[in-house]
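Here the structure is laid out as structure tokens; the discussion comes afterwards.
Residue numbers (mature numbering (1 follows the signal peptide of the UniProt record, and there is no 0)): -21 to -1, 1 to 244.
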């Protein structure tokens, strides 16, 4: 879980040089409160260095390139993800071994080989999850600022949104059909059924929001209605499914990493 500050403050007056050494400055009357984005635009571009030491023009240019790269990635077939997740022979062999084994202990134990396999899968999962975070941020930022990204046409914007939903749907389908059933043999966090684990329940919550957003974007694409970013924002915030999505992206990788399981040497 990543912590987000509630408020950033932009001061109208300069700070005395002596105050630079302090980690906390009392709030000054006349300050303008500027709420930050609900979800961070990026987790790694900005640092805690002094503003004068940060090259913001380069940072913003890099972020623009990342956004364009994400748009281009979303144009690729969803099947490519399945090939990456399922195309590892060593991992497949280890997963088959787990599937055939009988689970007797209440606290599942992983062999050293299985432990490495699950961590490898977690790394692959995080790769896709980072793309989902980037895609969400592109869409949500446009809604929050009431402006599409620069040089992005309406057609490209709608395609970005629909591709994001399609890729996320495919990602969840692959997990539930091919990955989670095997992992559930050792990890109850991936169990499905009547008493589905939290990660599976999160999938259902996320899909409710996805369907509403998809219906809206398709109605705009068909010409049935015009794009209103205010309305699109309501679809992205309805029911809090965006918060569930971000929590899920973090929690799933953490669980899959095997950190909560005993490694048997």
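From the three backbone atoms N, C-alpha and C, an ideal C-beta is built for every residue, glycine too.
Please state whether the Cβ-Cβ distance between residue i and residue j is less than 8 Å.
{"i": "residue 162", "j": "residue 139", "result": "no"}
{"i": "residue 176", "j": "residue 168", "result": "yes"}
{"i": "residue 235", "j": "residue 104", "result": "yes"}
{"i": "residue 129", "j": "residue 208", "result": "no"}
{"i": "residue 221", "j": "residue 115", "result": "yes"}
{"i": "residue 147", "j": "residue 189", "result": "yes"}
On the criterion of 16 or more Cβ atoms from any shown chain inside 10 Å, does residue i qualify as buried, or is it exposed?
{"i": "residue 124", "result": "exposed"}
{"i": "residue 81", "result": "Confidence in residue 81 is poor, its pLDDT being 43 and thus under 50, which makes the residue's placement unreliable; the coordinate value appears in the next sentence. Residue 81 is exposed by the Cβ-count criterion."}
{"i": "residue 203", "result": "exposed"}
{"i": "residue 179", "result": "buried"}
{"i": "residue 217", "result": "exposed"}
{"i": "residue 144", "result": "buried"}
{"i": "residue 97", "result": "buried"}
{"i": "residue 83", "result": "Note that residue 83 scores 45 on pLDDT, short of 50, meaning its location in the model is unreliable; the coordinates nonetheless yield the value given after this. Burial call: exposed."}
{"i": "residue 28", "result": "A caution first: residue 28 carries a pLDDT of 44, below 50, which makes its placement in the model unreliable, though a value can still be read off. Label assigned to residue 28: exposed."}
{"i": "residue 126", "result": "exposed"}
{"i": "residue 157", "result": "exposed"}
{"i": "residue 113", "result": "buried"}
{"i": "residue 198", "result": "exposed"}
Check the C-beta distance from residue i over to residue j and give it rounded, since I have them as a contact under 8 Å.
{"i": "residue 171", "j": "residue 155", "result": "7 Å"}
{"i": "residue 227", "j": "residue 181", "result": "4 Å"}
{"i": "residue 196", "j": "residue 133", "result": "About 11 Å; that fails the 8 Å criterion."}
{"i": "residue 101", "j": "residue 187", "result": "Actually they are not in contact, since the Cβ atoms of residue 101 and residue 187 sit about 26 Å apart, beyond 8 Å."}
Less than 8 Å between CB atoms is the rule here; does residue i satisfy it with respect to chain B?
{"i": "residue 222", "result": "Absence of chain B from the displayed structure is noted, only one protein chain being present."}
Evaluate the contact criterion for the segment 205 to 221 versus the segment 147 to 164: three or more CB pairs, one atom per stretch, below 8 Å. Output reads no: the segment 147 to 164 does not touch the segment 205 to 221.
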